[in-house]
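All remarks here apply to the structure that follows.
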Amino acid sequence: MMQHTPDPGSFHLRWAGDVFEVALRLDAPRTGRAVFRTNLGMAHVRRREIIACTESGEPVLARDWHDVPMREVAPGLFAARIPLTQVGVFSGKACFFAAGAHVPEWPAGGNVRVKVAPAHTACANTMYSAFVRQFGASLRQNPRTPETAGHEHALDRLGYTVVPPSGTFRDVIRQLDHIMGRLRFRIVQLLPVHPVPVTYARMGRYGSAFAALDFLSVDPALAEFDKRATPLDQFRELVAAVHSRAGYLYMDLPANHTGWAATLQTHHPDWYRRKPDGEFVSPGAWGVTWADLVELDYRDPRLRAYMAEVFLFWCRQGVDGFRCDAGYMIPAETWTYIVARVREEYPDTVFLLEGLGGSVETTEALLTEAGLDWAYSELFQTEDRGAMEWYLPRAVALAERCGPLAHFAETHDNNRLAARGEVYARMRVALSALLSHQGAFGFANGVEWFAAEKIDVHGASGLNWGAERNQVGAVARLNALLACHPAFGPGTRLRLAHHGDGAALAVLRQAPEAARALLVLANLDCARGQTVRWDAKAFPAKVVWDLLCGEAFALTGGELHLPPGRVCCLTPDAGDLSMLEAAAAGAPGEPEALARRRRNLMAMRVR
C-alpha cells in the first residue's frame, strides 16, 4: 500500500514564499516514476476559467491541472519540493506510473488541499478600525451638546436637514503617527466612506455609514473643501500616508446592500431583492431589520460583474484589502468570481469576511472554496470560561486550517469595553491579542483611550482622545510582541492547557521551533483573584518572565494566582524579553520576518 505525505484529504495553510513538500512511499521499491498531479502554480489559469464561466457561461475544464515530477530520494521513496508563489486555494495528489504503464496508481484517500496566503500576512496583522466621521472635532468628545441638540430638533420640526460637521480623511492622516507610530498598528481599516443619505431615508443625525449611495465615490463630508484636491484625491492622500509608513489600508465595502435611492437602485432596481408584492427587502440579523438598507440580489450576473469592478476600482486607488460587511449573506459563487477578478490584477489583496450571524459551515466554505482570506472571530462576545472552552477549540482548529479569525477586542457593533471598567478593557484587549493567529488582532478607535461612549454608525460619538488614563503603552507593547516573537507567526499551534475549576484560562502557544513556547494566562474575573492551574509537563519552566510587564518570578507546581483581570504572557527564555524590549524601542515598520519572506518570494518568482 502506498503512503502519501501529507495525509490524503488533509488541508494546509501556507504563505507565498513557503515551500510545500510532498512524498510518496511505495509498499516495495519498483521501477517507474512518480508525479504530483496538482493545480499549484496555475492560479492564473483557474481564475480565467472562473471568470469565463460567470461572464459567458463557458464550462470550467480544469486546465490548471498538471504533473510535477517527483525525484526518487531512496528506493521506493519519491519526493518533490514545490515553491509557493501564487495566492489561492489549490489541490493535488501524488501517483505512481509503473515502468511501461500509462495508468496511474493512486494512494487511498482524497486530494491534499493547500491554501496559500499573501506573503505579507504571515504575521503582525494588527488592525486599527477607524470611523473617519469620529475624527476632527469628535476626537475628545461628542460635538453635539444638549444646547446644539435643542437647536437641531427645532430645525427638524421646521423641515430643515441638520447634519453636524464630520471628521475628515486629513484628520485621520494627522493621527497616523499615533496609530501607526506610537501604537504600532500595521493596518488601518476604515469603516465605510461612501456617500450616505442626508435627506431621503436618512436615519440618525448623520445617516448610516453602511447605507452607501454610490460605491464608486467617497462622502464629500469626509473631505475638506480644497480647490486643488477632490474628496477622492484626499482619500488617496490617506492611502499614500498609510503606505509611506509601511502599512496597509483596508476599507469596509458593504456589498450586500445599499442605502435607499442609491445610484444602483435608481438605475438598476432589478438588481435588488423584492417581496412577491414588489416591496424592496431590507436585510437583517439577530432579529433586527436594518430599515435604512436595501438588499442586493446577486442572482443577476450583471450585478456580480458590476461589483467586481467596484472592488477593482478601489484597488486602483491603492486599497490593500476589504472588510466584507455581511459577507456571509452574499452567495459563495459570487465571492469566488469577485476574488478571481480582483486577483487577476491585484493578487495580494486581502478579503476579511464579516460573518457574524452566519454559520461556521458558511464561514469555512468562504475561507476555502470562495478564496476569502480571514474572518471575524467571535471572541469579543465570548465572556466566561465555559463559553471560552466551547468556542476556542473550534475557532483555533478553523484558524489553523483556513486562515486567521481576526480577534477584534471591540467593534462598532458591541458596547465599549471601558463602559465596564478599565480593568475589563485592559484584560479583553490583551486576551484578544495574545490568542490571535498571525497577529490578526484589532479594535475600534478609542479603545486605547478608554472611550466609553458606544460607537453609533448613524452618529459621531466622542473618542476620549488624549485621556490621561489610557492603555496606549500596553497596546504598543502588545503590537511589538505580535510582530517579533515566532510564537505569533506562521505555523504556531494553540491549545487550552488549564485544568480544574475557576474563571482563569491557560493557553499554550507553540511555535514551529520546539523551544519557542509561550504560556498565556488570563483571569477573566475582574472583581476577584483566581488561581490558574495547568499541565506542568506541557510548560515545565520553573523561572519565567512576563512579556507584558517584564516581571520575572518562579513557578511552583503548574499554578499561579492572578489578581482580578490580570493577563500574563510567560516565557522561559530571558532572551525573549530582550528581543521584545529591542523591538519596542525600535522604529515601527515591516517586521524582518516578513521582509525576509517577501525577498524569498521574489527570488522564487525570478527562478
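To convert, note that position 582 of the sequence shown is 584 in this note's numbering; the numbers rise steadily by one, no gaps. From the three backbone atoms N, C-alpha and C, an ideal C-beta is built for every residue, glycine too.
By how many angstroms is the C-alpha of residue j removed from the C-alpha of residue i?
i	j	result
residue 25	residue 538	36 angstroms
residue 424	residue 452	7 angstroms
residue 268	residue 260	11 angstroms
residue 56	residue 440	34 angstroms
residue 173	residue 91	39 angstroms
residue 68	residue 45	12 angstroms
residue 556	residue 183	35 angstroms
residue 98	residue 105	9 angstroms
residue 243	residue 215	26 angstroms
residue 224	residue 193	12 angstroms
residue 456	residue 447	11 angstroms
residue 22	residue 39	14 angstroms
residue 197	residue 8	50 angstroms
residue 432	residue 478	11 angstroms
residue 294	residue 170	23 angstroms
residue 619	residue 20	Residue 619 is absent from the structure shown; the chain starts at 3 and stops at 609.
residue 458	residue 27	60 angstroms
residue 603	residue 577	29 angstroms
residue 42	residue 307	26 angstroms
residue 571	residue 100	54 angstroms
residue 273	residue 133	29 angstroms
residue 601	residue 234	33 angstroms
Give me whichever residues DSSP pairs with residue i in a beta bridge.
i	result
residue 129	189, 444
residue 460	Note: residue 460 sits in no beta bridge, so no partner.
residue 252	191, 323
residue 536	500
residue 93	115
residue 71	37
residue 107	98
residue 298	274
residue 76	79
residue 614	Since the first residue of the chain shown is 3 and the last is 609, residue 614 is not available in this structure.
residue 558	561
residue 360	358
residue 546	555
residue 353	324
residue 573	547
Near residue i, which residues of its chain fall below 8 angstroms by C-beta distance, leaving aside the five closest residues on each side in sequence?
i	result
residue 119	15, 16, 17, 18, 89, 375, 405
residue 489	511, 512, 513, 518, 519, 520
residue 529	566
residue 53	339, 342, 343, 346
residue 581	486, 487
Give the secondary structure of residue i by DSSP, where H, G and I count as helix, E and B as strand, and everything else as coil.
i	result
residue 22	strand
residue 158	helix
residue 84	strand
residue 305	helix
residue 454	coil
residue 621	Residue 621 lies beyond the range of the chain shown here (3 to 609); nothing can be said about it.
residue 568	coil
residue 414	coil
residue 314	helix
residue 282	strand
residue 405	coil
residue 171	helix
residue 261	strand
residue 13	strand
residue 287	strand
residue 237	helix
residue 165	coil
residue 337	helix
residue 183	helix
residue 329	helix
residue 580	helix
residue 587	helix
Please confirm whether residue i has its beta-carbon closer than 8 angstroms to some beta-carbon of chain C.
i	result
residue 299	Annotation note: the requested chain C is absent from the structure, which comprises a single protein chain.
Please go through the same chain and pick out, in chain order, the residues whose beta-carbon is closer than 6 angstroms to the beta-carbon of residue i, but skip the five residues on each side of it.
i	result
residue 355	326, 329, 368, 374, 377
residue 111	10, 11
residue 398	496
residue 443	128, 409, 434, 435
residue 275	283, 297, 299
residue 250	189, 322
residue 108	97
Leaving out the 5 sequence neighbours to the left and right, which residues in its chain are closer than 7 angstroms to residue i when beta-carbon positions are compared?
i	result
residue 292	284, 285, 286
residue 614	There is simply no residue 614 to check, as the chain begins at 3 and stops at 609 in what is shown.
residue 430	411, 419
Secondary structure, beta strand (DSSP E): runs of 3+ residues fully inside the segment 362-397: For the segment 362-397, the full-length beta strand (DSSP E) segments reaching 3 residues or more read 376-378 along the chain.
What are the complete alpha helix (DSSP H) segments, minimum 4 residues, inside the segment 466-529? Entirely contained in the segment 466-529, the alpha helix (DSSP H) runs reaching 4 residues are, in chain order, 474-486.
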